[in-house]
Amino acid sequence: MVSRAERGILADWWFTVDKLLLIAFLALIFSGIVLSLAASPAVAERIGIADTYYFVKRHAVFCVPAIVLLIGVSFMDPRTVRRFALALFVIGIVLLIATLFIGPEVKGSRRWLNIAGISVQPSEFVKPAFTVLCAFLFAENLRRPEVPGRLLSFMLLGMVVALLVAQPDFGQTVLVSTVWGGLLFMAGMSWVLIASVGIAGVVGIVGAYFSIDHVRSRIDRFLDPESGDTFQVDAAIDSVIRGGWLGRGPGEGTVKRILPDSHTDFVFAVAAEEFGIVLCLGLVALFAFIVLRGLAHAARESDGYVRLATSGLVMLFGLQSCINMAVSLHLMPSKGMTLPFISYGGSSLMAAALSMGMVLALTRRRANQTRYVAPLGFEPVMAARGAA
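Quick note on this note's numbering: the sequence shown kicks off at 3 and runs consecutively.
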């Protein structure tokens, strides 16, 4: 046990970190191992890997550094989080550019780099860094109107979107743009500007539909299943139906044996078949708890940068979770997006741990912290501390 009389770094961390959020993150990581054990052996058998538990072992191995990263990043103070995000963003942008030239092409896209024998998806790490930097720029613009925070954040958005579209990765493009729009709204911008951004987003989606075959195909298949191959979505829906309320039992699922991405994009469907809708509702409740608790912290925060960064990170986390689960339930077009902490994938797991480590760091109680209750996006009368 850590004594309150101690004044060391570990003691300070223990008594200031949000323990409920920490427990929720660890619960999701543990759930990811269990669901990887349920979903991935069938994939290994289908593609001919001798070790049936190859993906399970790799996922479990990645969980160890993910937990270390989650806790390690949570020791940072808000200023260090911002500086770390800047360094991560610069490195991520360089890797995104490199991906376009030397990344292997998989299913028509270049999204991965092979670094020291490990496949890395740079966009996963750019997302949280981009969110924190934009939060800081919006907060600085609120604190000092002469700072062109909105313009700079828009330039960052344009840079990230251009690189993502070039891969192409339209799912991540929509996610990043939505988070940026949410931060713009929470920063208290005029309705005219917010409406303009919304219209621009709609125009972008319509333009992508008419100019890019890949986007048009996915939307058409969502609106009219007869227009193309909907095998994965149909199999996912079948998994949910077969599972019922309580599921068929661990290891008893059958649809996962024919579902190509059952351990990644459609792991939620496997959870529904083997453990039932009750477990899926529990996962949804856990994701919702994290988002709502993060937003509750943000609503009481007097520092504009911390408020917006916390809100943006949990919004990024919540939206990605919703997209993955909605695709599995055929509530939106297929996006190829992982379920944070649950889906197999080292980049996704490490990026989620890093992002939520930032949330733990930003929501820690600080000695000079001032709390207030006010609508998000409005600065308190007092100057926001720590934004500089």
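For each residue, glycine too, the CB sits at the ideal point set by N, CA and C.
Everything numeric in this text was worked out from a predicted model, so none of it was measured.
{"Asked": "Using the rule of at least 16 other Cβ atoms within 10 Å of the residue's Cβ for burial, across every protein chain shown, is V96 buried or exposed?", "Found": "exposed"}
{"Asked": "Tell me which residue opens and which closes the alpha helix (DSSP H) that S38 is part of.", "Found": "K21 to I49"}
{"Asked": "Going by DSSP in three states, L248 sits in which element: helix, strand or coil?", "Found": "coil"}
{"Asked": "Pick out the complete beta strand (DSSP E) segments inside the stretch 185-222, 3 residues or longer, and give them in chain order.", "Found": "none"}
{"Asked": "Contact check, D267 vs T340 under 8 Å by CB: the rounded distance?", "Found": "7 Å"}
{"Asked": "Should V58 and L37 be called a contact, given that it needs their Cβ atoms to be closer than 8 Å?", "Found": "no"}
{"Asked": "Could you pull out every unbroken alpha helix (DSSP H) segment of at least 4 residues lying fully inside the stretch 81-145, listed in chain order?", "Found": "124-145"}
{"Asked": "Can you list, in chain order, the stretches of the alpha helix (DSSP H) that have 4 or more residues and sit fully within the stretch 300-369?", "Found": "306-330 and 348-365"}
{"Asked": "Starting from I260, follow the alpha helix (DSSP H) in both directions and report where the run begins and ends.", "Found": "Neither: I260 is in no alpha helix (DSSP H) and is coded neither H nor E."}
{"Asked": "Between A68 and the rest of its own chain, which residues show a CB-CB distance below 6 Å, the 5 nearest in sequence each way excluded?", "Found": "L351, M352 and A355"}
{"Asked": "Ordered along the chain, which non-local residues of its own chain (more than five positions away) have a Cβ less than 7 Å from that of T180?", "Found": "L321"}
{"Asked": "Evaluate K337 with the Cβ neighbour count: other Cβ atoms within 10 Å of its Cβ, from every protein chain shown; 16 or more gives buried, anything less gives exposed.", "Found": "buried"}
{"Asked": "Among D171, G183 and P170, which residue has its Cα nearest to the Cα of L158?", "Found": "G183"}
{"Asked": "Can A87 and A131 be called in contact, C-beta distance under 8 Å?", "Found": "yes"}
{"Asked": "For S125, which residues from the same chain have a beta carbon less than 7 Å from its beta carbon, with the 5 sequence-adjacent residues on both sides left out?", "Found": "L98, R113, L166, D171 and Q174"}
{"Asked": "Classify T372 as buried or exposed, calling it buried when 16 or more other Cβ atoms lie within 10 Å of its own Cβ.", "Found": "Here the model assigns T372 a pLDDT of 49, short of 50, so the residue's position is not dependable, and the following value carries that caveat. Looking at its Cβ environment, which holds fewer than 16 other Cβ atoms inside 10 Å, T372 is exposed."}
{"Asked": "Measure the alpha-carbon distance for D226 versus L362 and round it to whole angstroms.", "Found": "43 Å"}
{"Asked": "Are V162 and V128 close, meaning C-beta to C-beta below 8 Å?", "Found": "yes"}
{"Asked": "Quick one: is E148 buried, meaning 16 or more other Cβ sit within 10 Å of its Cβ, or exposed?", "Found": "exposed"}
{"Asked": "Assign K21 to one of two classes, buried (16 or more other C-beta atoms within 10 Å of its C-beta) or exposed (fewer than that).", "Found": "exposed"}
{"Asked": "With distances taken between CB atoms, is the gap from L281 to G255 smaller than 8 Å?", "Found": "no"}
{"Asked": "Report yes if the CB atom of Y346 is closer than 8 Å to the CB atom of S76, and no otherwise.", "Found": "no"}
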